[in-house]
Each structure stands twice: as C-alpha cells, then as structure tokens.
Amino acid sequence: MKSKKYVEDLKAKTAAELQEELVAAKKELFNLRFQNATNQLDNTSRIKEVRKNIARISTVIAQKASAAN
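Just so you know, we're using the working numbering here: the sequence shown kicks off at 4 and counts up by one.
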C-alpha cells in the first residue's frame, strides 16, 4: 500500500523535516479548498488525501515526541 510506505518515509525524517512537511501539506490543503470554492478544482478527492496525510504527519510527530520523553 502507498500509505504504509509513506508512513515509513515519514518515520525516517527528523522532527524539523516533519514540521516542514506539515506546513507544506497545510498550504496545499488551503490552496485546494480555495480552488474548490471557486469551482476550479477537478480532482476533489485530493482534499481528502491531503487531510489524511496531515493526520499521518501529525501522528508521527506525536509518536516521536512521546518516544523522546
């Protein structure tokens, strides 16, 4: 599955890289929502995919934080 490989890639990154990835994903989500509101978005399923990716990134960040304690 794609998501398992994506999560493995996330776990290999540092905390700073994860934060950058999270910011980039949130910007992408904002842009997708904006395009959807102006009826310019063709692939609306991309919004759901990006939201799940944000959740995955946040989960890995939380796991790394709890492992550090």
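We put the CB at the ideal spot given by N, CA and C, even for glycine.
Cβ contact annotation for Lys67 (same chain, cutoff 7 Å, sequence separation greater than five): Ala18, in chain order. Approximately 16 Å separates the beta-carbon atoms of Ile57 and Asn39; this is outside 8 Å, ruling out the contact.
Assignment of Thr62 by DSSP, reduced to helix, strand and coil, places it in the helix class.
With a threshold of 16 other beta carbon atoms within 10 Å, Ala28 meets it and is buried. Distance between Thr62 and Glu52, taken at the CA atoms: about 15 Å.
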